[in-house]
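Numbering (our numbering), first residue to last: 908 to 1047.
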C-alpha cells in the first residue's frame, strides 16, 4: 500500500494522498507528507508516507509504528543518516532530522494528539516512548 501511496503522491504532487482518513482522522483527514531517508544498511533511498505537523519552518513527525514494540525503519534510518527529504504537496525540502528533546516532546505531544488522537492510543499500547522527530531546513 505504501508504494502505491508514494507513487500517487509524487505523480499528483500531493493532490492525491496528502490526507490520511483512517481511525480518528476520519472524516476530516490529517496532512500527509513523504519522508525520504537513506537506508542505514542498503544506502538506498527509502520513502514513507507519514502524518506530519507543520511548525514554522519545521516538519514534525511521530515514529509511532501503530504502537508496535519497535521503532519504524524510517526512524532507525534517519538516526543513522539525519539528512532527509520531505515532500509536502509539490514542495520538496532538504532537511535534517533529529529526535525531539524531552522538553520539546512534552510541548509538541498535545498538539500531535490534537492532530491525530490515535497517537495517545498507540503510546498506551507500547512500553517504548514513541519518538517525536523534528525536521529542520538543511543549512547550505
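In this text, a Cβ means the ideal position worked out from N, Cα and C, and glycines have one as well.
| Asked | Found |
| --- | --- |
| Own chain, CB closer than 8 Å to residue 1039, minus 5 neighbours either side, in chain order | 967, 968, 969, 970, 1006, 1007, 1011, 1012, 1015, 1016, 1019 |
| beta-carbon residue 1007 near the ligand HEM non-hydrogen atom, thresh 8 Å | This structure simply doesn't include the ligand HEM, nor any ligand for that matter. |
| Range covered by the alpha helix (DSSP H) that runs through residue 1010 | 1009-1022 |
| As assigned by DSSP and simplified to three states, the class of residue 1028 | helix |
| Residue 953 - containing beta strand (DSSP E), residue span | 952-958 |
| Contacts around residue 1029, its chain only, beta-carbon distance under 7 Å, and the 5 residues preceding and following it disregarded | 971, 973, 974, 1037 |
| Unbroken stretches of the alpha helix (DSSP H), 4 residues or longer, contained in the region 960-1016 | 980-987 |
| Beta-carbon proximity check, residue 963 vs residue 913, cutoff 9 Å | no |
| Per DSSP, cross-strand counterpart(s) of residue 1041 | 967, 1005 |
| Which listed residue (922, 1022, 1027, 1032) has its alpha carbon closest to that of residue 961 | 1022 |
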